[in-house]
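Following: one structure in structure tokens, then a few remarks.
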Amino acid sequence: MKMSPQVVLHHEERHCRQWAAKGYLGMLGGYGWELVRELAFGKTNRLEEDAGLSDGGYR
């Protein structure tokens, strides 16, 4: 799947906002927990969902 650089940059810009809002430790802990939810329970990673799943190439 070839993705537009503008779309991917928009997705990553949303992650930058998440980092700014949560801080270093908050983002690491939050993303770690989201990985547990995703891998152990089959849940959607809410941080990726917030950044745009399709923009990040996840859907």
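Each residue of the sequence shown is one higher than the one before, counting from 1307 in the numbering used here. Even for Gly, the Cβ is constructed at its ideal location relative to N, Cα and C.
Less than 7 angstroms between C-beta atoms, sequence neighbours within five positions excluded: which residues of the same chain meet that for residue i?
i	result
H1317	A1357, G1358, D1361, G1362
K1328	G1336
A1346	none
M1333	Q1324, W1325
So for residue i, helix, strand or coil by DSSP?
i	result
K1308	coil
R1352	helix
R1365	coil
G1358	coil
Can you name, in chain order, every residue of its own chain whose Cβ lies under 6 angstroms from the Cβ of residue i, other than the five neighbours on each side?
i	result
M1309	G1363
K1349	R1343
Excluding the 5 residues preceding and the 5 following residue i in the sequence, name in chain order all residues of the same chain whose CB lies nearer than 8 angstroms to its CB.
i	result
H1321	L1353, A1357
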